[in-house]
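There are 2 protein chains.
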Amino acid sequence: MSKPAAAETTIAFSPHDHSHCSGDLLATAQTLADARGARLTPVRRRVLEILLEAHRALGAYEVLERLAADGYGNQPPVAYRALDFLVEQGLAHRIDRLNAFMACTHPADAHNPVFFICRHCHTVAEAAGPLVRAAVADTASGIGFVVERLTVEVSGLCPACQTVAA
Amino acid sequence: MSKPAAAETTIAFSPHDHSHCSGDLLATAQTLADARGARLTPVRRRVLEILLEAHRALGAYEVLERLAADGYGNQPPVAYRALDFLVEQGLAHRIDRLNAFMACTHPADAHNPVFFICRHCHTVAEAAGPLVRAAVADTASGIGFVVERLTVEVSGLCPACQTVAA
DNA sequence: TATCGTATGTTATAGCATAACAGTCAAGAA
DNA sequence: TTCTTGACTGTTATGCTATAACATACGATA
Chain A
9 MSKPAAAETT IAFSPHDHSH CSGDLLATAQ TLADARGARL TPVRRRVLEI
59 LLEAHRALGA YEVLERLAAD GYGNQPPVAY RALDFLVEQG LAHRIDRLNA
109 FMACTHPADA HNPVFFICRH CHTVAEAAGP LVRAAVADTA SGIGFVVERL
159 TVEVSGLCPA CQTVAA
Chain B
9 MSKPAAAETT IAFSPHDHSH CSGDLLATAQ TLADARGARL TPVRRRVLEI
59 LLEAHRALGA YEVLERLAAD GYGNQPPVAY RALDFLVEQG LAHRIDRLNA
109 FMACTHPADA HNPVFFICRH CHTVAEAAGP LVRAAVADTA SGIGFVVERL
159 TVEVSGLCPA CQTVAA
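Chains as they are written, first to last, in my numbering: chain A, 9 to 174; chain B, 9 to 174.
Spelled out as structure tokens, the structure:
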């Protein structure tokens, strides 16, 4: 009854009901946080909303602007602390290539996702990529390296931008 | 007659004759640059030497300090321009996770290598990781994404540090 | 109510990166 | 030779990213 997994994990590159992104994921985030005894406070919740609304990767200072506009503190640590919390809880991800953050699109799953970054429209899609993790694990065990964190960031062109961009 | 590929690609985690790293790789770099009509000028060559000598990832400002000590310009663009050149030529890599740069250990090969970063000793090993690239290509083609660049950075513990570190 | 831990707010500063312009120099054209 | 051009290097100035350190607020609990 469900779509193929690949399509679900790359919802960002497909048309979809945007309001569901925010609403459902916010509710899921609250549930997850409660279950873990982590506190999804107003600032933290608002930062997650901001990321969900943006629907792309945002720099910490972009988040901060929006926070400040809502009456929260307007100094960098306010944004960074909330973002760090969300990343620790797996509710958001940091994209190293972009020095930016985005909401996680499937926070309930354990993951080290693969990010596909379109250089034309700047949309970032998150995919589960179990094959990639397995391949890394394989290479790592070959050299006796113990993997703790894994960053996989792919840049290129998303389907929609291939006809438009160079 | 040669060692297994895995061992060669992770020379950084094994004892080895350090002077060869610099000498051989500098010569290779010169050859490659000549063949491409790219100019390995004194500053650029010195930056590559600095990276080879450090044998770890260096921040641009660390490179700059050493350059300045040798009488080259001591403003950031001097270091960044040389580093950018080396990265473009495949003679060095940028490690996004660390905001740092390191010499490429096998510049003659085409690659989007996998980096293994030890959180304890900060050594960075570069591995070819063809399986990882294949897995990413597979995931990408499943969603119609055209891959242009690929960043794979793994952090954890290298063999030597597993007994020492937590 | 006193204390403690967690979270937020604020100040100040550190670290990373680049735009814009000026000067140098070698190679080829006039 | 002289001029022009293009690539490289040097310098100034600035902007973006991130965190240390300290102050304040507030709820939970002893």
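Beta carbons: idealized from backbone N, C-alpha and C, even for Gly.
Note that the structure is a prediction, hence the values are computed from the model and not measured.
Within the stretch 90-144 of chain A, the runs of beta strand (DSSP E) that reach at least 3 residues and sit entirely inside it are, in chain order, 100-103, 108-111, 122-126, 132-135. Proximity of chain A to Ala-148(B) at the Cβ level (cut-off 8 angstroms) is accounted for by Phe-124, Val-162, Gly-164, in chain order. With 16 or more other Cβ atoms from the protein chains shown falling within 10 Å of its own Cβ, Val-162(B) counts as buried.
In this structure, the CA atom of Thr-131(A) is about 11 angstroms from the CA atom of Leu-66(A). In the DSSP assignment, Leu-66(A) is bridged to Phe-109(A). Within 8 angstroms of the CB of Ala-68(A), no CB atom of chain B is found; the nearest one sits about 15 angstroms away. Residue state for Leu-59(B) is assigned as helix, using DSSP reduced to three classes.
Taking the CA atoms as reference points, Glu-134(A) sits about 42 angstroms from Ala-76(B). Annotation: the continuous beta strand (DSSP E) that includes Leu-165(A) extends over 154-165. Contact with chain A is absent for Leu-91(B), since none of that chain's Cβ atoms lies less than 8 angstroms from the residue's Cβ. Under the criterion of beta carbons closer than 8 angstroms, Val-140(B) and Val-122(B) qualify as touching, at roughly 5 angstroms. A Cβ of chain B is located within less than 8 angstroms of the beta carbon of Arg-105(A). Taking 8 angstroms as the threshold, the shortest C-beta distance from Phe-21(B) to chain A falls below it.
The beta-carbon distance between Gly-98(A) and Pro-115(A), rounded to whole angstroms, is 6 angstroms. This is short enough to meet the 8 angstroms contact definition. Not a single C-beta of chain B is nearer than 8 angstroms to the C-beta of Phe-109(A). Taking the CA atoms as reference points, Arg-44(A) sits about 26 angstroms from His-63(A).
Look at the stretch 52-65 of chain B: it has no residue with a C-beta under 7 angstroms from a C-beta of chain A. A residue is called buried once 16 or more other Cβ atoms fall within 10 Å of its Cβ, and Thr-147(A) is buried on that count. Taking all protein chains in view, the Cβ of Val-172(A) is surrounded by fewer than 16 other Cβ atoms within 10 Å, so the residue is classified as exposed.
For Pro-84(A), no CB of chain B lies under 8 angstroms from its own CB, so it is not counted at the interface with that chain.
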